[in-house]
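Below: the structure, in structure tokens.
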Amino acid sequence: MGLLAVAVAVICVAAAGISRRKEKQKEEDTLKVGISIYQSDDTYVNLLTKKIERQLKACEKQQGIKIHCKIVSAENDQNEQNEQVEHFAALAYDVICVNAVDRTNVSTMIDRVEESEIPLIFFNRQPVQDDLRKGQHIYYVGSDAQESGRLQGELVASVYRKDPAVLDKNGDGVVGYAVLEGETGHQDAIIRSEWSVKTMTSSGVPAKRITGGVANWMKEQAAAIVGRWLKEEEGELELILCNNDDMALGAIETLRQEGRTDISVVGIDGTEEGLMAVRDGKMLGTVKADSDIYAEYIARMVCGLKKEGTVPKEILEGHDREVWIPWEIKICPELGE
């Protein structure tokens, strides 16, 4: 019985060792991706993260690896986002993706991932260049804010050239406009607003600023602001330039409730709801960044960093840290592309 007990013990120890090795191998074969977004109620960011998940599932099938993807929201709290990144790093996630709360305050996250040698991909909200250069595997995927503003201005100018009366509803020879900005002091909001107006006016649209406001990228806030404008303006407002589609949709909602068909609205992002509003003639137009390409590139970067330790060269297109997604104009079908 003594020999039998020893034999059983040896077999149990060996089996436990095999089990541990299998578990370790299984863990090594699993790609763990942590994604932290700045807040949970941003339509475009939510659309993007859903598509990233789908693209990662496609990579899972194509490359025969198990991918575990965890998505969390910082709810507009940079300290919370820092803690989320700390949590991912402590659990040895393979790649971390961050849609930053405060693009100028990301050094804590970068220092933490560099300490653990974990690649970090920022997306949609671009950190300053000095921060992008702080680590070996720090990347950014996004679209050029200046280009989005410029194309929004071109969109308006192209409509005006075809038929000034579409925008100049009161026929006074001047297009009265307002700007709905995304966020006070936010780089993209400032640049989009500046280049939209600059391009519109330099392209021959006689324009006069009537008012403006900050709606923090939110549909509900935009609807409330436009409601206040309508009570104050005296028939001069004819165009609302919005930094994103959510705010444009909020503006449209209020205009329709008030029966105002004399004010045009344009957006930026090309969300599904925004594009539908353009197709239905509710929104004059928007500027779209292809979220499918966006998500595909991020997923390929994640898988490349896990498998090869680097980002596929064809994605970087000559850049060493930044991947740029192009914009395109979408105009109401009645007015033509």
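According to the numbering used here, the sequence shown is numbered sequentially starting from 568. In this text, a Cβ means the ideal position worked out from N, Cα and C, and glycines have one as well.
Contact set for residue i: own chain, Cβ-Cβ below 7 Å, skip 5 residues either direction
i, result
"ILE632", "ASP596 and LEU598"
"GLN592", "In this predicted model, GLN592 has a pLDDT of only 43, less than 50, meaning its place in the structure is not dependable enough to derive any value."
"LEU614", "THR838, GLU839 and SER858"
"PRO900", "ARG846"
"THR877", "GLY871"
"GLY848", "CYS899 and GLU901"
"GLY740", "PRO773"
"THR768", "ALA774"
Cβ shell of residue i (< 8 Å), same chain only, five flanking positions each side left out
i, result
"ASP644", "VAL668"
"GLY738", "ALA732"
"VAL673", "VAL665, ALA667, PHE689, PRO694 and ASP698"
"GLU799", "THR778"
"SER683", "ALA656 and ALA659"
"ARG823", "LYS849"
"LYS736", "GLU805, ASP829 and ILE830"
Local Cβ density within 10 Å of residue i, reported as buried at 16 or more and exposed below that
i, result
"HIS753", "buried"
"ASN649", "buried"
"ALA659", "exposed"
"THR610", "buried"
"VAL695", "exposed"
"MET814", "buried"
"ASN527", "Any property of residue 527 remains undetermined from this structure, which presents the chain solely from 568 to 904."
"ALA724", "buried"
"MET843", "exposed"
"GLN651", "buried"
"GLY802", "exposed"
"GLN629", "exposed"
"GLY841", "buried"
"ARG776", "exposed"
"GLU875", "exposed"
"GLN622", "buried"
"GLY749", "buried"
"GLU805", "buried"
"SER760", "buried"
"THR751", "exposed"
"CYS579", "Low confidence applies here, because CYS579 scores a pLDDT of 44, under 50, leaving its location unreliable and the question unanswered by this model."
"ASP812", "buried"
Nearest-angstrom Cα separation, counted from residue j out to residue i
i, j, result
"LEU883", "VAL833", "31 Å"
"CYS870", "ILE705", "15 Å"
"ASP608", "SER640", "9 Å"
"PRO686", "GLU620", "18 Å"
"THR821", "GLY794", "6 Å"
"ALA866", "CYS636", "11 Å"
"GLU653", "ASP859", "29 Å"
"ALA789", "HIS886", "37 Å"
"VAL600", "ARG827", "47 Å"
"CYS626", "ASN666", "21 Å"
"ARG670", "ILE758", "15 Å"
"VAL612", "SER831", "25 Å"
"CYS809", "ALA791", "14 Å"
"ALA656", "THR616", "20 Å"
"ALA856", "TRP894", "5 Å"
"LEU816", "MET850", "8 Å"
"ILE663", "ILE892", "20 Å"
"TYR605", "GLU642", "6 Å"
"GLU681", "ARG888", "15 Å"
"THR766", "ALA756", "15 Å"
"SER715", "ASN691", "13 Å"
"SER603", "ILE638", "6 Å"
"PRO879", "ASP711", "21 Å"
"ILE896", "LYS618", "21 Å"
"GLU677", "GLN703", "Per the sequence presented here, residue 677 reads as Ile, with Glu not at that position. Distance between the alpha carbons of ILE677 and GLN703: 10 Å."
"ILE819", "ARG679", "43 Å"
Other residues of its chain near residue i: CB distance less than 6 Å, five sequence neighbours each side excluded
i, result
"VAL890", "VAL708, TYR864 and ILE882"
"TYR727", "LEU734 and VAL772"
"ASP661", "LEU598, LYS599 and LYS873"
"ILE634", "LEU598, LEU623 and GLU627"
"LEU797", "GLU825"
Residue i - partner residues in DSSP beta bridges
i, result
"TRP836", "Checking the displayed sequence, the identity of residue 836 turns out to be Asp instead of Trp. Beta-bridge pairing links ASP836 to LYS855."
"TRP894", "ALA856"
"LYS729", "None, per the DSSP bridge assignment."
"GLU761", "For GLU761, which the question treats as bridged, DSSP gives no partner whatsoever."
"GLU748", "VAL781"
"PHE689", "VAL665 and TYR707"
"HIS635", "LYS599"
"ALA774", "VAL742"
"SER640", "ILE604"
"GLU889", "TYR707"
"CYS809", "LEU747"
"SER769", "In DSSP, SER769 forms no bridge with anything."
"SER831", "LEU806"
Chain D within 8 Å of residue i, Cβ atoms only
i, result
"LYS873", "Note that chain D does not occur in the displayed structure, where there is just one protein chain."
- Query: Does the pairing of the segment 728 to 748 with the segment 769 to 776 give three or more beta-carbon distances under 8 Å?
  - Reply: The segment 728 to 748 is in contact with the segment 769 to 776.
Does the segment 784 to 794 come close enough to the segment 710 to 720 that 3 or more CB-CB pairs lie under 8 Å?
Touching, no.
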